[in-house]
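Just add 205 to wherever you are in the sequence shown, counting from 1, and you've got the numbering used here. To keep things clear, I will list the structure first and then write my remarks on it.
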Amino acid sequence: MTASCPACGTADHTVLVSAAVLDPQSALDASVREQLDVPREPKLLSPASAVLFTLAGLQILPLLIFLIGLGSDDHRVVLGSLAICVLVLLLAGVFGATGRAVLVAARRRRLAEGGWPVRYEQWQLVHGVWRAAWLCRGCAVAFFPQGSLRPDFPASPPLRLEHFQDWLTETAKQTEYAGGMTAATA
206 MTASCPACGT
216 ADHTVLVSAA
226 VLDPQSALDA
236 SVREQLDVPR
246 EPKLLSPASA
256 VLFTLAGLQI
266 LPLLIFLIGL
276 GSDDHRVVLG
286 SLAICVLVLL
296 LAGVFGATGR
306 AVLVAARRRR
316 LAEGGWPVRY
326 EQWQLVHGVW
336 RAAWLCRGCA
346 VAFFPQGSLR
356 PDFPASPPLR
366 LEHFQDWLTE
376 TAKQTEYAGG
386 MTAATA
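The structure is reproduced here in structure tokens:
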């Protein structure tokens, strides 16, 4: 399938944005490639929260000491093992709760900075919209042909490349609010 550029009216220089960006043979310079690239996939965990969750998980090792101490007849060993168990469970809870708080704070910070998508499902919408975008190499504009996202989707005006990322994000947000993509983008 080829699409005609809304600026020049020809299909001679049009190519899917995804093909232009992902093709190493493409003659796109670094700044154009950056303007057309798909937004980064949001991280599931921030590095700090990953460390905290790992520390919470590692607290299982001292619990083995507790299990060993249960086999002893000495009440002091059993009581010491029980104290270690309680301490370990408290530490695991503190590490886990702190990791969750760091994770939530990182997402809120990204939202406050205007970062979207925040969730993986939102990124999938952005990626779907990005896959439907076209580039006219002759005019240096991006565009979306009629019906490229949904059967009722109107053709977009020619988009200057510096506005492409904003348009991409806003279109994905509207798609999210409208209930997602249809078979036209699948």
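Beta carbons: idealized from backbone N, C-alpha and C, even for Gly.
Measuring from the CB of residue i, is there a heavy atom of the ligand SAH at a distance below 6 Å?
{"i": "R365", "result": "Ligands displayed in this structure: none; no statement on the ligand SAH is therefore possible."}
Once you ignore the five residues that flank residue i on each side, which residues in its own chain have a CB closer than 8 Å to its CB?
{"i": "S254", "result": "G304, R305, V307, L308 and A311"}
{"i": "Q240", "result": "L366, E367, F369 and Q370"}
DSSP has residue i in a bridge; who is on the other side?
{"i": "L221", "result": "W339"}
{"i": "A347", "result": "L340 and L364"}
Beta-carbon separation of residue i and residue j under 7 Å?
{"i": "V323", "j": "P211", "result": "no"}
{"i": "A377", "j": "V346", "result": "no"}
{"i": "V222", "j": "H332", "result": "no"}
What residue range does the alpha helix (DSSP H) around residue i cover?
{"i": "R315", "result": "H280 to A317"}
{"i": "T207", "result": "Taken as a continuous stretch (DSSP letters only), T207 belongs to no alpha helix (DSSP H), as it is neither H nor E."}
{"i": "F258", "result": "P252 to L263"}
{"i": "L241", "result": "A235 to L241"}
Quick one: what's got a C-beta closer than 7 Å to residue i's C-beta in the same chain, skipping five residues either side?
{"i": "M206", "result": "none"}
Between residue i and the rest of its own chain, which residues show a CB-CB distance below 6 Å, the 5 nearest in sequence each way excluded?
{"i": "G214", "result": "none"}
Quick check: the region 213-228 against the region 279-295, are there 3 or more CB pairs under 8 Å? Contact between the region 213-228 and the region 279-295 is absent, because fewer than three Cβ pairs lie under 8 Å.
Spell out a yes or no on whether the region 294-304 and the region 256-263 are touching, meaning 3 or more CB-CB pairs, one atom from each, closer than 8 Å. Inter-segment contact for the region 294-304 and the region 256-263 is present: three or more beta-carbon pairs are separated by less than 8 Å.
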